[in-house]
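J.: Chains as they are written, first to last, in the working numbering: chain A, 162 to 550; chain B, 162 to 550; chain C, 162 to 550. Think of the CB as a built atom: it goes at the ideal place given N, C-alpha and C, for glycine as much as any other residue. Model, not experiment: these values are computed from the prediction. Please read through the structure below; I'll follow up with questions.
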Amino acid sequence: MPAEPTSTEPTPAELRRHIAALPLIDHHVHASLASPVTRGRFETLITESDRPIPAGVTQFDSQIGFAIRRHCAPLLGLPPHASADAYWAARSERTPEELSDLFLAAAGVSDWLLDTGFKSDELLSPDTLAERLPARFSEIVRLETVLEGIAPTSGAARLADDFRTALADATASAVGLKSIIAYRYGFDFAPARPSAQEVERAAGAWLRELEAGAPVRVSDPVLLRMALWTGVDTGLPLQLHAGYGDPDLDLRRCDPLLLMPWLKEIEGTGTDVVLLHCYPFQRNAGFLAQVFPHVYFDVGLGVNYTGAASTAVVAESLELAPFTKVLYSSDAWGPPELHLLGSVLWRRGMSRALGGWVEEGEWSEADAVRVATMIGRTNAQRLYGLPHA
Amino acid sequence: MPAEPTSTEPTPAELRRHIAALPLIDHHVHASLASPVTRGRFETLITESDRPIPAGVTQFDSQIGFAIRRHCAPLLGLPPHASADAYWAARSERTPEELSDLFLAAAGVSDWLLDTGFKSDELLSPDTLAERLPARFSEIVRLETVLEGIAPTSGAARLADDFRTALADATASAVGLKSIIAYRYGFDFAPARPSAQEVERAAGAWLRELEAGAPVRVSDPVLLRMALWTGVDTGLPLQLHAGYGDPDLDLRRCDPLLLMPWLKEIEGTGTDVVLLHCYPFQRNAGFLAQVFPHVYFDVGLGVNYTGAASTAVVAESLELAPFTKVLYSSDAWGPPELHLLGSVLWRRGMSRALGGWVEEGEWSEADAVRVATMIGRTNAQRLYGLPHA
Amino acid sequence: MPAEPTSTEPTPAELRRHIAALPLIDHHVHASLASPVTRGRFETLITESDRPIPAGVTQFDSQIGFAIRRHCAPLLGLPPHASADAYWAARSERTPEELSDLFLAAAGVSDWLLDTGFKSDELLSPDTLAERLPARFSEIVRLETVLEGIAPTSGAARLADDFRTALADATASAVGLKSIIAYRYGFDFAPARPSAQEVERAAGAWLRELEAGAPVRVSDPVLLRMALWTGVDTGLPLQLHAGYGDPDLDLRRCDPLLLMPWLKEIEGTGTDVVLLHCYPFQRNAGFLAQVFPHVYFDVGLGVNYTGAASTAVVAESLELAPFTKVLYSSDAWGPPELHLLGSVLWRRGMSRALGGWVEEGEWSEADAVRVATMIGRTNAQRLYGLPHA
């Protein structure tokens, strides 16, 4: 269970206990680091910036840095708000496995849905995690990673078919899909399924680049759309990174409202779409979740990075959306502190937002308990078909 | 008067009493349901989604659903937070007229400005409402409805003149106009008045479609602009739906900032523009209300749908805008619960926002009372030329 | 020191004392009025609207008007919340110099960085201010003003060189630059440095207009980009107006996210960019400040105009951005009330935001003190190379 939050707010006691003890489903997360990292590397892993940290500055001087010192330090035997140097010293005494065990266990998560498609060689394997932790691990398959995996040995005329076959193989035991079209292009893509001719033409151009030695990275919008539509065909829930991320993306083009035409195109297919993170567009995501039955979303990632200020982000995720359409994720990758913080900060934000409405008499405490359970757990169970135990 | 809100916040007593008792002017609203509805139909009327509710899910699990159970249940003799089933059972014992009487009276509204242009055949008539309630009812005329009413019997060369005449007739006793160009096109329309030739050409194309059996629905931007400019010519306050609504609209194209070029074009005419609702663009609307003397706005609709979370929306509407430029509306259509909730949630949000500033010493209580009166009542009286009794 | 804020919130005492006493660096501000103004003129100076105030309405009925009556009235010997008429009467008894002395001293600012490029003939000179106040005054040079100063006597082929020379002269003792490309064009400009041929062509067209009698006002995007790139070449911190301002600007095109391509273009130069004000795009600015090492920002101007509601704006500025990248400014121009209010409201917002996190146990009080000092003072010292005394 996570470190108990300190608060002077008179959150209703039963609700607070319930939220603190609720086993969460982290429906979009990556594994924790497999190897020790330097402090410099660690600091680049607690920002979405991929630029070097300027001299004389520490990335600990940020909301997420303060949250690590507040909530993770006590698990290393330090007082809350221990200095960054003290934190680093204590952290350096543990192996990556020990840190992973410590923080992931404290997150109080029963089910981790792992996106395995991003730099997985730097992370502990799902099998290792499953051996070390009393939790379930399921897989989310990243469309672009599968496509990039088969492209070098495929051909222009058969890339689409090869991808469909490879995706079927890759998802044999997966519970969902993920696309990063937000990063690779933006959400202002043509909504229709591309024709076979368009795909073959785009595939030909891409494969010629690969033969000429280009790194294997798909960014052609026709190929990205082909992958997305093939994903829709599987019927698996389809996660889309939305909003805030590293400066690779053009944040304006990651506003989920841009997806409206495509969401209408796929509405009849039965496939559900999950908008991940969405900051600062969480209100727009709430709108889409209200008006489209097949749209879900979370505010992971943004919650971690806004730290003490994340209550506002959580509260904004509870405006328009039906409570059946909101999910919990940490989007942690690498430092297991992130796996814990997602949980601690979400629990804190929910306690404060829902607790406030109970205190004001706007919500009953029983309803608040029920909504916390839906968002933290049962919505994900239903959406991904997870076991209810 | 509305159900007294329960609150643990130390809102100043005099301000709280004043806001609770203030007779409001609901400057944009529709009538209440004329006939009983099934529970399924009711649930589609408490969301902006026009899609079927998925199996196993109830639309009561949302902020607006919780607000109904909290604030409307007591008027049906139930405890606050009664279950959705209990609520539905108690509601089903009343006729539509009884429900309308109950909830509209409890809203504490002295003047209802009814937009009669949307599915009015499903609603109680203004005359029926006026007979049953001790309140004034005025009419807001929807431009597109008038245009669609005359198009089938008009001609391309005389559509503009016929519309001008029909609008003069329709507004003989109206206090304002409404446009839904946000739904039918978006706010990124050409700002200039279209020429007579452009209108005749567009009218010809549209009327040929109608003759060929197309449903009567105007969506050509030239014709929408012609209607808007003819509306401006009347000098009546012109309401524009802005922001959030059903998925018919492209929310990105309903950002009121897109209206800046057109607002500058009409600035010399003396006609005032009222941006309705605006969620999640209420800060943008506040900017326009500050910099343009002829721009007003409200945050109706969004307040109902964000329920317990609506305090933030109300507070954001009080940032940049002069207090003379903000109005109250519910935008209720159909279930009379919506007519009540608009009032209850607005009073709660204003009590909390203004009360907070008084408690902190930032505002005097007398100023807060005065601002509540302006926004809830006197701004609308001045803008629409309503009686001051 | 500013008037002590009244508050019922249990802000930690040490933090509150520290923030109240902290000597600020106002890193973007203009001078105070040199001559008496009429009440009508004064009211146009407490709004970003450049339109006449409608009859029967006072601009005092706004957040900024209420903030003036609350925080400035006591310095004129009136009670807090004195009426606008009483305030005006008391204010009218002072000379512009007396008012400037009174309000600027009370702001508790040790260093004022003056943008001297906008209507400076209506304002007290930096020398006059420096004589009257125990504070340091430094200069920020406005690129467009320098360009407009040399254009009438330059030529198409040498405009770029003449500008470079003039800018070198103008910045001999300046600490930073400012651009208003947001006003003159928008942020959706071509990111690359324009070629010499492009500049000569655009310069020729502009100079022909000037010869034909056009007012000297640069708005050609090629020339604006030339000025911006020449500014980048100086290595001085480059301030860009972003977001909210008068209706001259198209607010949608002032979203700092539109700058991403240009920010990437200049990233290697070593020049830092400071996004000024940013309302309502402060969350977008925070994203840019996190992912780009060379991006800083503030929420001045918006804080003044949102008055009692500005706590939310301040809090939103503390979400994603590293605390090393946020600055304080008032953006005051003219009425010295604005110089004071920026300080009072920033201190209040910081006390409430940071104080709240300390009360909740999320931040230590020592960290909160440190972050307030960074944002109010030391970040600007480091960025602009100011003396540390």
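#1: Does the Cβ-Cβ distance between residue 241 (chain B) and residue 230 (chain B) come in under 9 angstroms?
#2: Assess contact between the segment 215–224 of chain B and the segment 298–309 of chain B, defined as three or more Cβ pairs (one per stretch) separated by less than 8 angstroms. Is contact present?
#3: Of all the residues that make up the segment 203–221 of chain C, which are near chain B by a beta-carbon distance shorter than 9 angstroms?
#4: Quick one: give me the first and last residue of the beta strand (DSSP E) that residue 339 (chain B) is part of.
#5: Using a Cβ-Cβ cut-off of 9 angstroms, state whether residue 432 (chain B) counts as contacting chain A.
#6: Considering only the alpha carbon of each residue, which of B:239, B:182, B:325 and B:482 lies closest to residue 567 (chain B)?
#7: Three or more C-beta pairs closer than 8 angstroms, one from the segment 253–265 of chain B and one from the segment 490–504 of chain B: is that the case here?
#8: Would DSSP call residue 253 (chain B) helix, strand or coil?
#9: Relative to chain B, which residues along the segment 507–539 of chain A have a C-beta separation below 7 angstroms, given in chain order?
#10: What separation, rounded to the nearest whole angstrom, lies between the Cα atoms of residue 166 (chain A) and residue 509 (chain A)?
#11: Does residue 407 (chain B) get closer than 9 angstroms to chain F when you measure Cβ to Cβ?
#12: Could you give the DSSP three-state label for residue 293 (chain C): helix, strand or coil?
#13: In terms of residue numbering, what span does the alpha helix (DSSP H) encompassing residue 500 (chain C) cover?
#14: Under the assumption that residue 477 (chain C) contacts residue 453 (chain C) (Cβ atoms under 8 angstroms), give the Cβ distance between them as a whole number of angstroms.
#15: Give the DSSP-derived three-state secondary structure of residue 536 (chain C) in the structure shown.
#16: Taking buried to mean at least 16 other C-beta atoms within 10 Å of its own C-beta, is residue 280 (chain A) buried or exposed?
#17: I'd like the list of long-range same chain contacts for residue 435 (chain A), defined as Cβ closer than 6 angstroms, with 5 residues on each side in sequence excluded.
#18: Quick one: grab the DSSP three-state call for residue 345 (chain A).
#19: Tell me whether the beta-carbon of residue 284 (chain B) lies closer than 9 angstroms to the beta-carbon of residue 194 (chain B).
#20: Using beta carbons (cut-off 9 angstroms, strictly below), is residue 483 (chain A) in contact with chain B?
#21: Measuring CA to CA, which of A:208, A:432, A:178 and A:176 is closest to residue 484 (chain C)?
#22: Does chain B have any CB closer than 9 angstroms to the CB of residue 475 (chain C)?
#23: Quick check: is the beta carbon of residue 416 (chain B) nearer than 9 angstroms to any beta carbon in chain C?
#24: Between the segment 436–449 of chain C and the segment 410–417 of chain C, do at least 3 Cβ pairs fall closer than 8 angstroms?
#25: Quick check on DSSP: helix, strand or coil for residue 165 (chain C)?
#26: Whose C-beta lies closer than 7 angstroms to the C-beta of residue 514 (chain A) among residues of the same chain, with five residues either side of it excluded?
#27: Could you pull the DSSP bridge partners for residue 427 (chain C) from this structure?
#28: Starting from the Cα of residue 403 (chain B), find the closest Cα among B:460, B:233 and B:423 and give me that residue.
#29: Taking Cβ-Cβ distances shorter than 9 angstroms, what residues in chain A pair up with residue 267 (chain B)?
#30: Using 9 angstroms as the limit for Cβ to Cβ distance, is residue 470 (chain B) near chain A?
#31: Please state whether DSSP places residue 176 (chain C) in a helix, a strand or coil.
#32: Taking 9 angstroms as the CB-CB limit, is residue 397 (chain B) close to chain C?
#33: Pull up the distance between the alpha-carbon of residue 203 (chain C) and that of residue 340 (chain C), whole angstroms please.
#34: Counting only beta-carbon atoms, is residue 279 (chain A) nearer than 9 angstroms to chain C?
#35: By how many angstroms is the C-alpha of residue 239 (chain A) removed from the C-alpha of residue 534 (chain C)?
#36: Quick check on residue 402 (chain A): does DSSP put it in helix, strand or coil?
T.: Quick look at the numbers:
#1: yes
#2: no
#3: 208, 209, 210, 211, 212, 213, 214, 215, 217, 218, 219 and 220
#4: 337–340
#5: no
#6: In the structure displayed, chain B extends from 162 to 550; residue 567 (chain B) sits before or after that span and is not available.
#7: yes
#8: helix
#9: 518, 520, 521, 522, 523, 524, 525 and 528
#10: Reliability fails at residue 166 (chain A), whose pLDDT of 42 lies under 50, so the model's placement of it is uncertain and the value that follows must be treated cautiously. Using only the alpha carbons, I get a separation of about 7 angstroms.
#11: Structure shown: chain F not included; protein chains present are A, B and C.
#12: helix
#13: 497–520
#14: Going by Cβ atoms, the distance from residue 477 (chain C) to residue 453 (chain C) rounds to 19 angstroms, so no, they are not a contact pair.
#15: helix
#16: exposed
#17: 398, 400 and 457
#18: helix
#19: yes
#20: yes
#21: A:208
#22: no
#23: yes
#24: yes
#25: The predicted model places residue 165 (chain C) with a pLDDT of 43, which falls under 50 and marks its position as unreliable, so this point remains unresolved.
#26: 472, 475, 476 and 479
#27: DSSP, once it has assigned bridges, lists no residue as partnering residue 427 (chain C).
#28: B:460
#29: Here the premise fails: no neighbours, minimum Cβ distance about 17 angstroms.
#30: yes
#31: helix
#32: no
#33: 26 angstroms
#34: no
#35: 26 angstroms
#36: strand
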